[in-house]
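To start, the structure itself, in structure tokens.
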């Protein structure tokens, strides 16, 4: 979500300041505010992929604010410098000396966070997730695991449905690449959102995100918080597995099970969405984990998209009691692993 908003800002930059660029007298930067000095009327800007630079406001500097998702600068509103905050995303247009500010367009960090949370809640409310079990024309059938057994859901797509796909070794939702229905395979993990039927079994999809994922489970052998690596003994095979956790990985921690109670209602995806966030330091040797990742080049190393610790309940849910002799179904793609594709 954050990266999408940054791209929206870049679009505004291109369309709104093209005339200024053509004159070769103005320079534009996109970045994050790192400090503000109201007395000296200076700000420090950290451009994307560059070192911070000090910038000076003039008496006639235009300061404007635009809402996340907005792409038309005509809808920006004038604000004062006091309304600009550290961590805000900004587009700035500079004078020819490269340090005097002609214009600042602000997208508030607080507004971005609220927009991101609203978008996340929309995925929860109007979304479905699961394992692709079949494709039939413009319909995608999902196998969805719940604490009370497997259910089936149907996604209907159209020419207006936006498809995105996780590339290999990608862990960031925003880095999912444009795709199409033909790229979707049986066994892929998928999230879709749109208008749901009254019983929630069908959804007319506006957006689909999918990938070919590995879902592995095991017991933690050791944790290195400094390198953010977790060594695991893989369930079923006993083979060692090294899990790399990045700043974009999502870590969740399940509560201890309550004796005598069944699993919570809803799908596994819905259950995971509601779990509290955790840190690498919260993962302890001896605990069980489930990790989801894209297929990489090395079979004994994965980069976590989503890691769930204290995951005994998920592992029990991955044991199919009927038709497969109680064997675990963790693994890649068509093996029917849990739908643990993380939210944006």
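Numbering (the working numbering), first residue to last: 25 to 368.
C-beta: ideal position from N, C-alpha, C; glycine also.
Check	Outcome
How many angstroms separate the CA atom of residue 86 from the CA atom of residue 187?	38 Å
Cβ of residue 148 within 8 Å of Cβ of residue 297?	yes
Could you pull the DSSP bridge partners for residue 78 from this structure?	68
What does residue 151 pair with, by DSSP beta-bridge criteria?	217
Hey, residue 203 and residue 215: beta-carbon distance below 8 Å or not?	no
Answer with yes or no whether the minimum CB distance from residue 112 to chain B is below 8 Å.	Of the protein chains in the structure, only one exists, and it is not chain B.
Note down, in chain order, each residue of its chain lying with its Cβ closer than 8 Å to the Cβ of residue 309, except the 5 sequence neighbours on either side.	244, 245, 246 and 247
Please identify the residue among 314, 77, 69 and 100 whose C-alpha is closest to the C-alpha of residue 333.	314
So who's on the other strand from residue 101, going by DSSP bridges?	89
Any contact of the region 249-258 with the region 222-238, i.e. 3+ C-beta pairs under 8 Å?	no
Which term fits residue 145, buried or exposed, when burial requires 16 or more other beta carbons within 10 angstroms of its beta carbon?	exposed
If you draw a straight line from the alpha carbon of residue 113 to that of residue 66, how long is it in whole angstroms?	16 Å
Classify residue 346 as buried or exposed, calling it buried when 16 or more other Cβ atoms lie within 10 Å of its own Cβ.	Reliability of the predicted coordinates at residue 346 is poor, the pLDDT of 41 falling under 50, and no value is obtained from them.
For the beta strand (DSSP E) that contains residue 308, what are its first and last residues?	Note, residue 308: premise wrong, no beta strand (DSSP E); not H, not E.
Given this structure, state the Cα-to-Cα distance separating residue 223 from residue 182, to the nearest angstrom.	21 Å
Would you grab the beta carbon distance between residue 125 and residue 82 for me? Rounded to a whole angstrom, and I think it's under 8 Å.	6 Å
Start and end of the beta strand (DSSP E) containing residue 241?	237-248
Alpha carbon to alpha carbon, how far is residue 269 from residue 79? Give it in angstroms, no decimals.	36 Å
Return yes when the Cβ of residue 325 is within less than 8 Å of the Cβ of residue 192, no when it is not.	no
Roughly how many angstroms lie between the CA atoms of residue 196 and residue 327, to the nearest whole one?	11 Å
With residue 95 as the anchor, note down where its beta strand (DSSP E) starts and where it stops.	No beta strand (DSSP E) holds residue 95; DSSP gives it neither H nor E.
Under the three-state reduction of DSSP, which class applies to residue 316: helix, strand or coil?	strand
Nearest to residue 165 by CA position, among 212, 274, 218 and 99, is which residue?	212
Less than 8 Å between C-beta atoms, sequence neighbours within five positions excluded: which residues of the same chain meet that for residue 184?	230
What do you reckon, are the CB atoms on residue 77 and residue 108 nearer than 8 Å?	no
Between which residues of its own chain and residue 275 is the CB-CB distance below 6 Å, once the five residues before and five after are set aside?	302 and 331
Tell me the rounded alpha-carbon separation between residue 140 and residue 160.	33 Å
Please identify the residue among 106, 127 and 104 whose C-alpha is closest to the C-alpha of residue 52.	127
CB-CB under 6 Å to residue 59, same chain, minus the five flanking residues each way: which ones, in chain order?	68
Rounded to whole angstroms, what is the Cα-Cα separation between residue 163 and residue 201?	21 Å
Could you tell me the alpha carbon to alpha carbon distance between residue 259 and residue 295, rounded to whole angstroms?	22 Å
Exposed or buried, which one is residue 48 when buried takes at least 16 other CB atoms within 10 Å?	Residue placement at residue 48 is poorly supported in this model, since its pLDDT is 43, which falls under 50; the coordinates are not used for a value here.
For residue 133, which residues of its own chain have a beta-carbon under 6 Å away from its beta-carbon, when the five flanking residues on both sides are left out?	111 and 112
Since I believe residue 170 is in contact with residue 226 (beta carbons under 8 Å), could you give me their beta-carbon distance rounded to a whole number of angstroms?	Going by Cβ atoms, the distance from residue 226 to residue 170 rounds to 17 Å, so no, they are not a contact pair.
When you compare only the Cα positions, how much space is there between residue 95 and residue 339?	45 Å
Pull up the distance between the alpha-carbon of residue 238 and that of residue 99, whole angstroms please.	44 Å
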